[in-house]
Amino acid sequence: MPDHPGRELTNFRSFCDIASGFWDTNVRRDPSRVILVEAMSQDLRVTLRNLSVANALRRIEPAELVVFGGADDDWNEVVWSYFDLDEIEQLCRAYGARHFFDVHRVVDDRVAGRRFSLDVAGIDLGGPLPDSVLDPLRFEQIVDATSCRMAKVARLDGGPEHTRRRARDLARSTEFARVYDALLSELDVVAVVSSHVDYNNFGLAVEAAVRHDVPVLFPQSTGGLKVYGLYPERQRPGSPVRAGLTEELGQFFEHHVWEHRDLLRRSADLTTYRSKAMLGRPSWWRPGRSFSSVELRGPDDRADVRKVAAARTGLDPDKPVVTVFNHAVSDALGTNVEAFPDLGAWFEATAEIARDRDDVNWLFLDHPSQSLYDATAFFAQVAARHTDRPHLVFMRSMDLSKNSLISLTDLVLTVRGSVSNEYPALGIPAIQTGWSEWSACGFTTVADSPDDYAKLLDDHITGLHDGDRMVTPEQVERARLWTWFYRAGSDVPSGLVQPWQLGQGDSLIDLLSVQMLHVESDADPLFSSLHRMWTRRDPVATRVDLAAPTERLAVDLGVVTR
Amino acid sequence: MTYQLASLDLATDFDRPLAPLTVPGKAVKGDSAGLVLLDGAARGAYRLARLVRQEALLGLSVTRPDLPVDVHLVLVVDAFSDDMWRRSRDLEEDAVVPRRHRLARVSVQGRQRAAVLLEPAPLDGSVASQRLTVRVRPEELGSGLLTLGFDVPREVPSWLGGAVLEDGLTGVCIARVSLEPATETLTGSLSTGFAGSKRRRLVPRYPGGFVVNPAPAGRTDVVLRPRVLEQRPRPVGRRALAREPLARVRDGAARVRVRRHVRAVTEVVSVTSGRRRQVLSDARPDGTFVVALEPGEGPVYARPRLLRTSGGESRMQDWYCWVDGSVSD
Numbered sequence: 013m014p015d016h017p018g019r020e021l022t023n024f025r026s027f028c029d030i031a032s033g034f035w036d037t038n039v040r041r042d043p044s045r046v047i048l049v050e051a052m053s054q055d056l057r058v059t060l061r062n063l064s065v066a067n068a069l070r071r072i073e074p075a076e077l078v079v080f081g082g083a084d085d086d087w088n089e090v091v092w093s094y095f096d097l098d099e100i101e102q103l104c105r106a107y108g109a110r111h112f113f114d115v116h117r118v119v120d121d122r123v124a125g126r127r128f129s130l131d132v133a134g135i136d137l138g139g140p141l142p143d144s145v146l147d148p149l150r151f152e153q154i155v156d157a158t159s160c161r162m163a164k165v166a167r168l169d170g171g172p173e174h175t176r177r178r179a180r181d182l183a184r185s186t187e188f189a190r191v192y193d194a195l196l197s198e199l200d201v202v203a204v205v206s207s208h209v210d211y212n213n214f215g216l217a218v219e220a221a222v223r224h225d226v227p228v229l230f231p232q233s234t235g236g237l238k239v240y241g242l243y244p245e246r247q248r249p250g251s252p253v254r255a256g257l258t259e260e261l262g263q264f265f266e267h268h269v270w271e272h273r274d275l276l277r278r279s280a281d282l283t284t285y286r287s288k289a290m291l292g293r294p295s296w297w298r299p300g301r302s303f304s305s306v307e308l309r310g311p312d313d314r315a316d317v318r319k320v321a322a323a324r325t326g327l328d329p330d331k332p333v334v335t336v337f338n339h340a341v342s343d344a345l346g347t348n349v350e351a352f353p354d355l356g357a358w359f360e361a362t363a364e365i366a367r368d369r370d371d372v373n374w375l376f377l378d379h380p381s382q383s384l385y386d387a388t389a390f391f392a393q394v395a396a397r398h399t400d401r402p403h404l405v406f407m408r409s410m411d412l413s414k415n416s417l418i419s420l421t422d423l424v425l426t427v428r429g430s431v432s433n434e435y436p437a438l439g440i441p442a443i444q445t446g447w448s449e450w451s452a453c454g455f456t457t458v459a460d461s462p463d464d465y466a467k468l469l470d471d472h473i474t475g476l477h478d479g480d481r482m483v484t485p486e487q488v489e490r491a492r493l494w495t496w497f498y499r500a501g502s503d504v505p506s507g508l509v510q511p512w513q514l515g516q517g518d519s520l521i522d523l524l525s526v527q528m529l530h531v532e533s534d535a536d537p538l539f540s541s542l543h544r545m546w547t548r549r550d551p552v553a554t555r556v557d558l559a560a561p562t563e564r565l566a567v568d569l570g571v572v573t574r
Numbered sequence: 071m072t073y074q075l076a077s078l079d080l081a082t083d084f085d086r087p088l089a090p091l092t093v094p095g096k097a098v099k100g101d102s103a104g105l106v107l108l109d110g111a112a113r114g115a116y117r118l119a120r121l122v123r124q125e126a127l128l129g130l131s132v133t134r135p136d137l138p139v140d141v142h143l144v145l146v147v148d149a150f151s152d153d154m155w156r157r158s159r160d161l162e163e164d165a166v167v168p169r170r171h172r173l174a175r176v177s178v179q180g181r182q183r184a185a186v187l188l189e190p191a192p193l194d195g196s197v198a199s200q201r202l203t204v205r206v207r208p209e210e211l212g213s214g215l216l217t218l219g220f221d222v223p224r225e226v227p228s229w230l231g232g233a234v235l236e237d238g239l240t241g242v243c244i245a246r247v248s249l250e251p252a253t254e255t256l257t258g259s260l261s262t263g264f265a266g267s268k269r270r271r272l273v274p275r276y277p278g279g280f281v282v283n284p285a286p287a288g289r290t291d292v293v294l295r296p297r298v299l300e301q302r303p304r305p306v307g308r309r310a311l312a313r314e315p316l317a318r319v320r321d322g323a324a325r326v327r328v329r330r331h332v333r334a335v336t337e338v339v340s341v342t343s344g345r346r347r348q349v350l351s352d353a354r355p356d357g358t359f360v361v362a363l364e365p366g367e368g369p370v371y372a373r374p375r376l377l378r379t380s381g382g383e384s385r386m387q388d389w390y391c392w393v394d395g396s397v398s399d
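Chains A and B supply the protein sequences, listed in that same order. FYI, in our numbering the residues of the first sequence are 13 to 574. FYI, in our numbering the residues of the second sequence are 71 to 399.
Okay, structure coming up:
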C-alpha cells in the first residue's frame, strides 16, 4: 500500500472483505439495470459517499453498479497528488461494483486512436460510438471550463499554449461525451451518482444523464452525508444543471424550513453559535480555530476591534467597508447562472466600480486556495492596476482574522461564495452575482446582470451611508435557518459514512468496519434518508422528514422543550 | 466616529455573558472569564495564552475604571515556545532552534505602545520572562474591551536583523495580564534579550543594541555604562588557563579604550516610524553616559558606540544599561 498524506491504511484489505460481506446482504440486484457511479477523486471519502449512496439506492431500485474511475496526466498534475486507482478499485469492488473501468484511460486511448476492446455491461467502449448530441454551446462551455481549470487561469487567452491545451481538452471531451452517451443510451440506467457536476470528466456524465432523463445524485464532500438530487424534469431549459437545484432548494427551504421557523429557532441559534466557534464548519471553510472564530460579542466589541483592524489595513473605520471576496478564478466556471461571463470578470468589474467610489472603503481579499486555481497571479495583477486608489486595499484573506473581517465588513460582495450565507447570519448584507444553493432562500441580494449589479451596489452603499438596515431581522433569521439546514437538516449522520472531519485514515476504516460488523443496518439514516429523497424526488437528502407535521417533526428532531 | 452597521446581529441565545476583570485583577489562565477574544493565539492551560501567528490580538473584558490603569504583561519564552516554533516550520523534534532573540511589538487599544526583545529559551528547562507595563486612560477603555496586539515590526535596523529569530512570535507565551490602579509615575523600561542583574541589563557587542519603551510622561534617561572587567574571575580548567593571558590583554585593552573615550553616540530608531537620530553623550564623572528620550517617541531601538577621541567609533564594546529611576525588576 503506497504512502499517502493522511492515508496509510493498516486494515484496508480486511475492511474490503467486511464491506463486501455487508453489502452483499444489504442491496438488491437486477442485472438488467445499472447505476453509474463516479470514482474519479483521490480522496477515499468522496468515493465512499458515492458508493454508499448508490448502494442505498439499490435497496429501492435493484441494479448493478458500473463504476467509472481514473485520472489523467492533467488531473494528476494540477489537482491530485496521490490518486491511487488500485485502491479505489478495491473499494468499489468491495462495495459490489460489477464493472469498474478507467474512463480516463479509455478516453486517452480513443483520442490517440489506439485500438482496444473493453466490454462494460455489454458495450464495447473501444469500438465505434456515436457522437454525443449535447447542445454545442453547453459542450463548448464545459471544454472551456476544463481548460481554464487545467491551465489555472480565469479565462483562455487564445495564445498558442492555451490553444493547444483547449484542442487537447476538446478531443478528450468529445470522447468523454461519446462514452457517457453510449452508457446512458444503451443501458437501463437508474441514476448517475457523481461527486462533481463540472468539467468534462464529471460534467459530461451529468449532462448526458439529464439528457437521457436519468436523475443524478450528487453527494457533497463535507459533513456527514449530504446529497443533492438533480432531476431531469426539474431542470431549467438552457441553464446549467445547478440552476434547477437552486430553485428547488429555495422552494424546499420555504416549505419545509422557513415554515417550521418557530420550532427550529433554537436549533438555528445553536448552529450559529457553534459556527462562530468554528465547530461543524464545511470542509472548505478557512481553518484555524485560533484565527477564524468570531468572538465579537456585540457592536461595542466590533467598534473596538474595527479600529485595530482598520489601523492595520489602512482603512478608514469611520466609513463603511465593502469587502470583495475573490473566488478561486478557475473553479467550476459556468455551472450556475451568473451575471458576469466568468469569476475573473466580476472581480475586475468590481474593482473598476470601486475606483470612483471613495465614499466607502474597499477591501479586496484573495481566495485562501487561489494558488491551487490560479497560475497567473490574477489577484496581484488586478491590485497592481489600482495602486493609485488608496481607498482600495488588496490583501491576503488569511492575513486577517475572522474577528477582524467581521469587524470591518459592512457589505459582502461575491459571486457564489459561502460568505454570502455566513455573513447575513450575523446581520451583514451580501450581494451575489451568481446563483448558489442558498441564493433563492431570501437572505441575500442576487444581481442578474452587470448593470443590475452596479445599481444594487449603488443602492446598498447609499443605504449604508443613510444608516439603513440592509439586512432585515427576517433575513438574519433565514440565514441562520439556512446554516442549520445546511449543517443539520440536510446533513445525514450515518455510521456507514462517518463525518468528513474523521479523515480518510485508519480511524475511518476501523469505524466503518465496526459499524458493518456489529450494528444492524435497519433504519440506518443513509437508507432512510435516501429512500425519502428518492421516492419524493426531494432536491436534498434530509436528516429527518422535514415535511412532517410540526408535532412529529419536533419528536423526530428531539427538540429541546421548555 | 467609527461606522456602525445598523443591521449587525452577532448575538445568539447561547452566548454566555462573562464576568469582566476588575481593577485590580488578573488573568492568568486560558479559562479566565475576562479573556473574551483571541486572534492568532491559543488559550493556555496553565498560562493565559500562547501566540501561534506573527500577528495576534487578545481581548480582555474589563470593568471600565474611573482612573488610569496600569496593564502589566508577563511574556515568557520556554522550551514549549521552541517546540511550537519547530512544529510551525515542520522541523524534527530535536532540531536545533537558533539561539536568537524574539522581537515583539505590543499595541494597546490599537496604538503601538511598546516593544520587547525576548531571550532565547534557557537550555536548562527554565523560562525566560520579560515584564512590561503600559498605562491606559479610562476613556481608552470605552466599552470595556482591552485589546492587546502583538506583532513583529516589518523592518528592523540591520544590526539587529541577524540576531532576531524569524517568525519569532510563534510560541511566545503571554503568561499573565494584571491590572492595577495607576499610582506611581510610570518609568520607562528596556529589554536587551539577555537576563539582567538587578536593574542592569547586559548589552553584548553583538547585536550591540536593545529596545527602550520611554515613559508615557516626562523624559526617560537611559544610562549606559561600558562593561569593563576590573578584575577577572579566577580561571577554571585548562582551556581557561590557556586563554587567560590573551583575555587579560583584551581586558586591559578595553580598560584603556574606555578611558580614552569620553563621548558616546547612540543610534536611536523609532520602532513605529523608523525615524533615526543620533544622540551624542559625554561621559559623566562616574563613567556612564546618558541618552535622553522624550515621551512622544514611543518604543525605540538603541545602539550605543564609544567615540574615539581621535575620531571614529569603537564597536567592540559590551555595555550595561538601565533606565534612570526605573522600577526594580
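For each residue, glycine too, the CB sits at the ideal point set by N, CA and C.
- Query: Taking only beta-carbon atoms, is A:Pro311 less than 8 Å away from chain B?
  - Reply: Reading the first sequence from its first residue, position 299 is the one you call residue 311 of chain A. It does: the Cβ of A:Pro311 has a partner Cβ on chain B nearer than 8 Å.
- Whose Cβ in chain A lies nearer than 7 Å to the Cβ of B:Asp79? Within the second sequence, residue 79 of chain B is the residue found at index 9, counting from 1. Within 7 Å Cβ-Cβ: Leu438, Gly439, Val488.
- Message: Under 8 Å, Cβ to Cβ, is there at least one residue of chain B near A:Thr158?
- Response: Here residue 158 of chain A is taken as the residue at index 146 of the first sequence, counted from 1. No, its Cβ sits nowhere closer than 8 Å to a Cβ of chain B.
- Query: In this structure, does DSSP put B:Ser398 in helix, strand or coil?
  - Reply: Counting from 1 along the second sequence, the entry for residue 398 of chain B is found at position 328. Residue confidence for B:Ser398 is low, a pLDDT of 38 falling below 50, so the modelled location carries little weight; the figure read from the coordinates is stated next. Coil.
- Message: By the DSSP assignment, the alpha helix (DSSP H) with A:Leu417 in it spans what residues?
- Response: On the first sequence, position 405 is the one that residue 417 of chain A refers to. Note, A:Leu417: alpha helix (DSSP H), 414-420.
- Start-to-end residues for the beta strand (DSSP E) that takes in B:Pro251: Taking the second sequence and counting its residues from 1, the one referred to as residue 251 of chain B is at position 181. 243-251 is the span of the beta strand (DSSP E), which, as asked, contains B:Pro251.
- Query: What residues in the stretch 210-237 of chain B have a beta carbon less than 8 Å from any beta carbon of chain A?
  - Reply: Under the 8 Å Cβ criterion, the stretch 210-237 of chain B contributes Gly212, Ser213, Gly214, Leu215, Thr217, Gly219.
- Identify each residue in the stretch 107-121 of chain B for which the Cβ-Cβ distance to at least one residue of chain A is less than 8 Å, and report them in chain order. Leu107, Leu108, Asp109, Gly110, Ala111, Ala112
- Query: Considering only residues of the same chain and omitting the five flanking positions on each side of A:Arg110, which have a CB-CB separation below 7 Å?
  - Reply: Here residue 110 of chain A refers to the residue found at position 98 when the first sequence is read from its first residue. If the five residues before and after A:Arg110 are omitted, its C-beta is found closer than 7 Å to the C-beta atoms of Glu76, Leu77, Val78, all from its own chain and listed in chain order.
- Item | Own chain, CB closer than 6 Å to A:Leu141, minus 5 neighbours either side, in chain order | One-based indexing of the first sequence puts residue 141 of chain A at position 129. Once the five neighbours on either side are set aside, the close Cβ partners of A:Leu141 are Arg190, Ala194.
- Task: Below 6 Å CB to CB, which residues in the same chain sit around A:Glu187 once its five sequence neighbours on both sides are set aside?
- Result: Position 175 of the first sequence, counting from 1, holds the residue named residue 187 of chain A. Correct list, in chain order: Val119, Arg122, Val123.
- Where does B:Val281 sit, in a helix, a strand or coil, going by DSSP? In the second sequence, the residue the question calls residue 281 of chain B occupies position 211. Here B:Val281 sits in strand by DSSP.
- Message: Is B:Met154 close to chain A? Criterion is C-beta to C-beta, closer than 8 Å.
- Response: Looking up residue 154 of chain B in the second sequence gives position 84. It does not; no Cβ of chain A falls within 8 Å.
- Task: Give me the Cα-Cα distance between A:Arg401 and A:Asp463, rounded to the nearest whole angstrom.
- Result: In the first sequence, residue 401 of chain A corresponds to position 389, counting from 1. In the first sequence, residue 463 of chain A corresponds to position 451, counting from 1. Cα to Cα, A:Arg401 sits roughly 23 Å from A:Asp463.
- Message: Looking only at its chain, what residues have a beta carbon closer than 7 Å to the beta carbon of A:Asp225, apart from the 5 residues adjacent to it on each side?
- Response: As a first step, residue 225 of chain A must be located in the first sequence, where it is residue number 213. Cβ neighbours of A:Asp225 beyond the five flanking positions: Pro244.
- Measure the Cβ-Cβ separation of B:Leu376 and B:Pro277 and say whether it is below 8 Å. For the purposes of this step, residue 376 of chain B is taken as the residue at position 306 of the second sequence. For the purposes of this step, residue 277 of chain B is taken as the residue at position 207 of the second sequence. No, Cβ-Cβ distance for B:Leu376 and B:Pro277 is not below 8 Å.
- Top-ranked residue by Cα proximity to A:Ser432, from A:Ser416, A:Ala459, A:Asp411, A:Met407: Counting from one through the first sequence, the residue named residue 432 of chain A turns up at place 420. Out of A:Ser416, A:Ala459, A:Asp411, A:Met407, A:Ala459 has the C-alpha closest to the C-alpha of A:Ser432.
- Please classify A:Asp15: does DSSP put it in a helix, a strand, or coil? As a position in the first sequence, residue 15 of chain A is number 3, starting the count at 1. Legend: pLDDT at A:Asp15 = 46, less than 50; position of this residue unreliable, value from coordinates given subsequently. Residue state, collapsed to three classes: coil.
- Given that a residue counts as buried once 16 or more other Cβ atoms are within 10 Å of its Cβ, and exposed if not, what is B:Met71? Counted from its first residue, the second sequence places residue 71 of chain B at position 1. Exposed: under 16 other Cβ atoms inside 10 Å.
- Message: For a cutoff of 8 Å on Cβ pairs, would you count A:Lys319 as touching chain B?
- Response: Sequence index remark: in the first sequence, residue 319 of chain A carries index 307 (1-based). Closer than 8 Å to some Cβ of chain B, the Cβ of A:Lys319 qualifies, so yes.
- Message: My parser needs the alpha helix (DSSP H) runs of 4 or more residues fully inside the stretch 311-340 of chain A; what are they?
- Response: 311-325
- Query: In terms of alpha-carbon separation, which member of A:Gln263, A:Val349, A:Val317 lies closest to A:Leu417?
  - Reply: By 1-based counting over the first sequence, the position of residue 417 of chain A is 405. Nearest C-alpha to A:Leu417: A:Val317.
- CB-CB under 6 Å to B:Pro274, same chain, minus the five flanking residues each way: which ones, in chain order? In the second sequence, the residue the question calls residue 274 of chain B occupies position 204. Taken in chain order, the residues that qualify are Asp388.
- Message: Helix, strand or coil, according to DSSP, for A:Val567 in the structure here?
- Response: Mapped onto the first sequence, residue 567 of chain A falls at position 555. Note: A:Val567 maps to helix in three-state DSSP.
- Helix, strand or coil for A:Gly81 per DSSP? In the first sequence, counting from the first residue as 1, residue 81 of chain A sits at position 69. In the structure shown, A:Gly81 sits in a strand (DSSP, three-state: E or B).
- Query: Could you check where the alpha helix (DSSP H) with A:Thr59 kicks off and where it finishes?
  - Reply: Taking the first sequence and counting its residues from 1, the one referred to as residue 59 of chain A is at position 47. First-last of the alpha helix (DSSP H) with A:Thr59: 56-70.
- Query: Under a CB-based cut-off of 8 Å, is A:Leu195 close to chain B?
  - Reply: Taking the first sequence and counting its residues from 1, one reaches residue 195 of chain A at position 183. So no, A:Leu195 is outside the interface.
- Query: Of the residues that make up the stretch 140-152 of chain A, which ones have a beta carbon closer than 8 Å to any beta carbon in chain C?
  - Reply: Absence of chain C from the displayed structure is noted, the protein chains being A and B.
- Query: Counting only beta-carbon atoms, is B:Ile244 nearer than 8 Å to chain A?
  - Reply: Locating residue 244 of chain B in the second sequence gives position 174, where the first residue counts as 1. Chain A contact via Cβ: absent.
- Task: Compare the C-beta of B:Gly100 against all C-beta atoms of chain A and say whether one is closer than 8 Å.
- Result: Numbered from 1 along the second sequence, position 30 holds the residue referred to as residue 100 of chain B. So no, B:Gly100 is outside the interface.
- Under a Cβ-count criterion, where at least 16 other Cβ atoms within 10 Å of its own Cβ denotes burial, should B:Pro286 be classed as buried or exposed? Taking the first residue of the second sequence as 1, we reach residue 286 of chain B at position 216. It is buried - the Cβ of B:Pro286 has at least 16 other Cβ atoms within 10 Å.
- Item | Where B:Tyr371 meets chain A, residues with beta-carbon distance less than 8 Å | Taking the first residue of the second sequence as 1, we reach residue 371 of chain B at position 301. The premise fails here: B:Tyr371 is roughly 21 Å from chain A at the closest Cβ pair, so nothing lies under 8 Å.
- Listed by chain order, chain B residues near A:Leu282 by CB distance under 9 Å: For the purposes of this step, residue 282 of chain A is taken as residue 270 along the first sequence, with counting starting at 1. Near A:Leu282 (Cβ distances below 9 Å), the residues of chain B are Thr82, Asp83, Phe84.
- Where A:Asp112 sits in the DSSP three-state scheme: The residue labelled residue 112 of chain A in the question sits at position 100 within the first sequence. The question names Asp, but residue 112 of chain A in the sequence shown is Phe. Here A:Phe112 carries a strand assignment [DSSP, helix/strand/coil].
- Cβ pair count under 8 Å reaching 3, the stretch 406-421 of chain A against the stretch 293-305 of chain A: Taking a cut-off of 8 Å on C-beta distances, the stretch 406-421 of chain A touches the stretch 293-305 of chain A, as three or more cross pairs fall below it.
- Message: Would the stretch 54-74 of chain A count as touching the stretch 85-95 of chain A if we require 3 or more Cβ pairs under 8 Å?
- Response: yes
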